[in-house]
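The structure under discussion appears below in the form of structure tokens.
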Amino acid sequence: MKTLENLDQNKIYVLGVSGGPDSMALMEMCRLQHLSFVVAHMNYQKRDSALRDENIVCEYCEKYKIPCYVEKQNKECIGNFQAFAREERYAFYKRLIDQYHGEAVLLAHHLDDHLETYMMQKQRHSQGEYYGIKEDAYLYGCRIIRPLMKYTKQDLLAYCIEHHVPYGFDESNFSDDYTRNRIRHTYIDHMTRNEKELLAKEIQLKNQQLEAHKKEVSCFLNTWKEDTESLLLESEDQVKRILRTWIYQKIHVHISENLCTELSEMLKNKKNWEKNITKEYGVYKEYGRLYVGKLEYESYRYQYDFILYEQTPYFKIQQSGKSVEALTLSKSDFPITIRNVQKGDTIKLRFGRKKIHRWFIDRKIPSWERKIWPVVENAAGEVILVPQIGCDISHFSNNPNIFVVK
322 MKTLENLDQN KIYVLGVSGG PDSMALMEMC RLQHLSFVVA HMNYQKRDSA LRDENIVCEY
382 CEKYKIPCYV EKQNKECIGN FQAFAREERY AFYKRLIDQY HGEAVLLAHH LDDHLETYMM
442 QKQRHSQGEY YGIKEDAYLY GCRIIRPLMK YTKQDLLAYC IEHHVPYGFD ESNFSDDYTR
502 NRIRHTYIDH MTRNEKELLA KEIQLKNQQL EAHKKEVSCF LNTWKEDTES LLLESEDQVK
562 RILRTWIYQK IHVHISENLC TELSEMLKNK KNWEKNITKE YGVYKEYGRL YVGKLEYESY
622 RYQYDFILYE QTPYFKIQQS GKSVEALTLS KSDFPITIRN VQKGDTIKLR FGRKKIHRWF
682 IDRKIPSWER KIWPVVENAA GEVILVPQIG CDISHFSNNP NIFVVK
């Protein structure tokens, strides 16, 4: 069985080894290929055979003088165990990658895993960055290489038997408690080699199409002003792809196909609207523009006893800027407070006192921007600057000493 040819013998790799036939076959191949590697084994201590698998891995590594690291998982699982286990496992890999200045993590995912993942995606009507499993990817800060993707589980089991490589079976894989197991037992295990290869070609074609769509979406997003008018000129499928990518870029959340369809229909509504997409984030439409962000923003207050040039998540204090960001401060103004605008705030301009929220409405500033818009308040509690409106009449001069930029 030829594989691993593209791996650099001058680099160090971290091998994730469970003790099952897949990962044990990968370790044997790496050893015979004379690759430099260390082994990472995570024992979740969740099943009776966990210690047996740990011993299989450790005894193999001891026999061939391979550095082996075992981590016993004792943390309390919060939420979904599969997600929890994955995060803990990859954090373990990352520590070893950093310790050894490793090139990548090698994992023993194979063709059957690839097909199962694709069928799970179809069943859930979900679309991520890729259909199935990528051979080369970055996850949790690690480069992940899966060199066995051309081989089936049966191939790897046969390899272990032929080369007298020890292994253990994880009995949890025999149950139908997990969706992946049900798909494996119902579909994958009954497919011929030819059927598996045909499905793999179907996935490859879909990924090529997905990559072409990504380029089109990227071109659109590079010039998009987040307005609904230009978005609605695109085809319905393209609108959904754009929304999905845009939302992921903003908040790193993959939205479901159903939610994506719902949002694309809502775009046709000329009225303003908002739609929750998680417990924390929502999509808003106001004044013909879209925004994705937090449903609620916490109030903020920064107090300064003297002029300090700095940047915060909400504003920057600079030595230069536009006239509508300029402010001339005197000693009596300190301490100044920079905070988000509040209901009832007003500012005294040359043409009279102006309600700041009235200005927002006149300028068609969306509500999500109003929530975090900064104002500068002096020691007397007077709002003396609203960036992009200007300062009050008593703090204007031709020689301002700070600029507050939203």
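According to this note's numbering, numbering within the sequence shown proceeds without interruption in unit steps and concludes at 727. Ideal Cβ placement from N, Cα and C applies to all residues, glycine included.
Taking 8 Å as the cut-off, the beta carbon of residue 725 is found no closer than this to the beta carbon of residue 668. If you look at residue 545, you'll find it isn't in any alpha helix (DSSP H); DSSP assigns it neither H nor E. When C-beta atoms of the segment 607-615 are compared with those of the segment 563-573, three or more pairs fall below 8 Å, so the two segments count as touching. DSSP places residue 695 within a strand segment (E or B) once states are collapsed to three.
Residue pairing by DSSP places residue 527 opposite no residue, since no beta bridge is assigned to it. Only exposed fits residue 515, as fewer than 16 other CB atoms lie within 10 angstroms of its CB. In this structure, residue 347 lies near residue 427, with their beta-carbon atoms less than 8 Å apart. Closest by C-alpha distance to residue 690, out of 699, 698, 410, 663, is 663. Using a 10 angstroms sphere on the CB of residue 362, the tally of other CB atoms reaches 16 or more, which defines it as buried. Three or more beta-carbon pairs drawn from the segment 389-398 and the segment 354-372 are found closer than 8 Å, and the two stretches are therefore classed as touching.
Look at the beta carbons and you see the segment 372-384 not touching the segment 507-525: under three pairs across the two are nearer than 8 Å. Excluding five sequence positions before and after residue 565, the CB atoms of its chain that fall closer than 8 Å to its own CB belong to 448, 575, 576, 581, given in chain order. By the Cβ test, the segment 457-470 is in contact with the segment 403-413, since at least three Cβ pairs between them sit closer than 8 Å. The Cβ atoms of residue 330 and residue 353 lie no closer than 8 Å to each other. Per DSSP, the unbroken beta strand (DSSP E) holding residue 457 starts and ends at 457-460.
In this chain, the alpha helix (DSSP H) harbouring residue 381 covers 371-384.
Residue environment for residue 716: buried (at least 16 other C-beta atoms within 10 angstroms of its C-beta). By the Cβ-count criterion, residue 542 is exposed, with fewer than 16 other Cβ atoms from all chains shown falling within 10 Å of its own Cβ. Per DSSP, residue 677 is one residue of the alpha helix (DSSP H) stretching across 677-683. For residue 507, the enclosing alpha helix (DSSP H) covers residues 500-507. One thing to note: residue 688 has its Cβ within 8 Å of the Cβ of residue 607.
Here the segment 632-651 does not lie against the segment 673-685, with fewer than 3 beta-carbon pairs under 8 Å apart.
In the three-state scheme derived from DSSP, where H, G and I count as helix and E and B as strand, residue 404 is classed as helix. When only Cα atoms are considered, residue 670 and residue 714 end up about 6 Å apart.
Residue state for residue 555 is assigned as coil, using DSSP reduced to three classes.
Residue 646: not part of any beta strand (DSSP E); DSSP gives it neither H nor E.
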